[in-house]
Structures are given as structure tokens and as C-alpha cells.
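According to the numbering used here, the sequence shown is numbered sequentially starting from 47.
The beta carbon of each residue, even a glycine, is placed where N, CA and C say it ideally should be.
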Amino acid sequence: MSQQANVDAGEIDKFQSIASRWWDPESEFRPLHELNPLRVEYIENHARRIDGKRILDIGCGGGILAEALARKGASLTGIDMAELSLEVARMHLQESGLEIDYQLVTAEDYAQRNEAGFDIVTCMEMLEHVPDPASIIAAASRLLKPDGLLFLSTLNRNAKSFALAILGAEYVLGLLPRGTHEYRKFIKPSEIAAALRANGMRPLDLTGMRYNPLTRRYSLGRDIDVNYLMTASFDD
């Protein structure tokens, strides 16, 4: 698959249409705002420290995760193919006072010019929105330093994830706009692990994320049936 082909125009259009609401915690992006502290905690726990680290956020969107990591002292670059989302991310820097390098570029193209340039690469809630997730993982592996860490999160593919992530979140609870996710694009952890092994990497950790609609809180745990986080590194 060519680099340009690994962009779903329909997915880009979805995010372009709501880009102005990235930083509204009660908007369509509310779930990302609510789970972001857990994502940062997870990264910090497995990286041990991120202060001074060079971090690349693939699929950065409006910068919710990138800004949180930058506040921890990391040097951040964010890449995305939704131009309006990047414009919002850049404008929000005027409020936060942070310095983040946002670029409109695919992971594959960026990897050609920045091989082994980052201590940490993150790709959160993005793999299920591209035609070829394995291509993103391959690019991420090229972008990492030999001792670097890759952090991924996505949605598992099974009956439970269909019931909760699509029927529940989009149609019953209205946490996300209808059509946000396509079940066929959900990814099993075993498929992620296979893509990692194909690039000389291996999973170090697999952790689930659960949502309580009553408390509006996410928590980490052993249940990986719906949302999950993964840490990976190169083989020794």
C-alpha cells in the first residue's frame, strides 16, 4: 500500500467537520478529555520518566495528549493529516504557552526523514481510523531510537466491543457521534503483536481501559475486551 493510500479521506472528513470543538470537554471529544489523564499516567509508569524525552504523537488531532506530555517536560512533535485539527492545536498553544511542533504529514513520510529520532512514539485512538494499521506500526518502529518505547491504544474486535463501543457509546449513551467507528476496523491485540514482530519489536504490556457511564470515569485494568493500551520495545 502506498503511503498516500494509507489515509482514509472519509475519516479525515469526520474530524475536519468537528475540529473546532477539540478543546471543548463537553463536545464529541469528551471521552478523550476524560481518559487523557490515564493515558499520560500509563505512559509515565512504563517510560519511568518523560522529562527531557523526545516524543512523537502520531495522529495528534487537536493536541490533547501532546500538550499533556509537553507539560511533563517532554519535547513534543505531533503529526496528523487533518489540517483543521492541526490549526486548532496550534492556536491552543497560544493559551497553554507550550512549544509543540505540529506537522501535516503521514507517519510513513515522516519516518523517511526522521529515522531513529525519538525516545517515545505514541499512537492513541488512531490505528482504527486508517486503512493499513500495520504500516503505521512499521513507520513508528523506524522513528524510534533503539532503546525507545512505542505506546498504542485502540479498540479490540469482538462481540463485546461492538456492543459497548458502537451500540452503547454511539447509539445509547451518545458519547460519540454515530458513525465514529467502524467495527471491521477494530484490531485484535494479536494482530498488533504480529505487526510489531514483523518490525523487530515485541509487546511489553497489555492493559485494558474500562468506562463507567455513571461516574463518567475511565479506569485501567485487566479487561482488554473493548479498549486497550499496549507498550512495545525492540527485541533485545
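Three-state secondary structure (DSSP) of Val-134: Within the sequence shown, numbered from 1, the residue matching residue 134 stands at position 88. Looking at Val-134 - three-state DSSP - the assignment turns out to be helix.
Inter-residue spacing [alpha-carbon to alpha-carbon] between Glu-129 and Ala-112: In the sequence shown, the residue the question calls residue 129 occupies position 83. In the sequence shown, the residue the question calls residue 112 occupies position 66. In a straight line, the C-alpha of Glu-129 is about 16 Å away from that of Ala-112.
Buried versus exposed, by CB contacts within 10 Å (16 or more), Ala-180: On the sequence shown, position 134 is the one that residue 180 refers to. Buried is the call here.
Contained alpha helix (DSSP H) runs [length at least 4] in the region 160 to 213, N- to C-terminal order: 179 to 189
Backbone secondary structure at Ile-125 - three-state DSSP: Along the sequence shown, read from residue 1 onward, the residue named residue 125 stands at position 79. Reduced to three states, the DSSP call for Ile-125 is strand.
Whole-number beta carbon distance between Leu-260 and Thr-277, since they are thought to touch under 8 Å: Here residue 277 corresponds to residue number 231 of the sequence shown, with the count starting at 1. Here residue 260 corresponds to residue number 214 of the sequence shown, with the count starting at 1. Rounded, the Cβ-Cβ distance is 30 Å, inconsistent with contact.
Cross-strand partners of Gln-149 (DSSP beta bridge): Taking the sequence shown and counting its residues from 1, one reaches residue 149 at position 103. In DSSP, Gln-149 forms a bridge with Ile-125.
His-138 versus Leu-210: straight-line alpha-carbon distance, rounded: As a first step, residue 138 is located in the sequence shown; it is residue number 92 there, counting from the start. As a first step, residue 210 is located in the sequence shown; it is residue number 164 there, counting from the start. In a straight line, the C-alpha of His-138 is about 32 Å away from that of Leu-210.
Met-247 versus Asn-204, Leu-189, Ser-265, residue with shortest Cα-Cα distance: On the sequence shown, position 201 is the one that residue 247 refers to. Per the Cα distances, Leu-189.
Under 8 Å between C-beta atoms of Leu-122 and Ile-104: For the purposes of this step, residue 122 is taken as residue 76 along the sequence shown, with counting starting at 1. For the purposes of this step, residue 104 is taken as residue 58 along the sequence shown, with counting starting at 1. Cβ distance not < 8 Å, so Leu-122 and Ile-104 don't count as in contact.
Proximity winner among Leu-266, Ile-110, Ser-63, Ile-64, relative to Cys-169 (alpha-carbon distances): Translated into the one-based positions of the sequence shown, residue 169 becomes position 123. The shortest Cα separation from Cys-169 among Leu-266, Ile-110, Ser-63, Ile-64 belongs to Ile-110.
Counterpart residues of Asp-103 in DSSP-defined beta bridges: Position 57 of the sequence shown, counted from the start, is the residue given in the question as residue 103. According to DSSP, Asp-103 bridges with Gly-124, Thr-168.
Cβ-based burial, Gly-108 [other Cβ within 10 Å; buried from 16]: Indexing the sequence shown from 1 puts residue 108 at position 62. When all chains shown are included, Gly-108 counts as buried.
Contacts around Glu-174, its chain only, beta-carbon distance under 7 Å, and the 5 residues preceding and following it disregarded: Reading the sequence shown from its first residue, position 128 is the one you call residue 174. Around Glu-174: Thr-200, Leu-201, His-227, Lys-231, Phe-232, Ile-233.
Selected residue, minimal CA-CA separation from Arg-263, among Ile-64, Lys-206, His-79, Ser-66: The residue labelled residue 263 in the question sits at position 217 within the sequence shown. Taking only the C-alpha atoms, the option nearest Arg-263 is His-79.
8 Å CB neighbourhood of Ser-48 in its chain, flanking five on each side removed: Residue mapping note: residue 48 aligns to position 2 of the sequence shown, counting from 1. Residue confidence for Ser-48 is low, a pLDDT of 43 falling below 50, so the modelled location carries little weight and cannot support an answer.
As assigned by DSSP and simplified to three states, the class of Asn-258: Taking the sequence shown and counting its residues from 1, the one referred to as residue 258 is at position 212. If DSSP states are grouped into helix, strand and coil, Asn-258 belongs with the strands.
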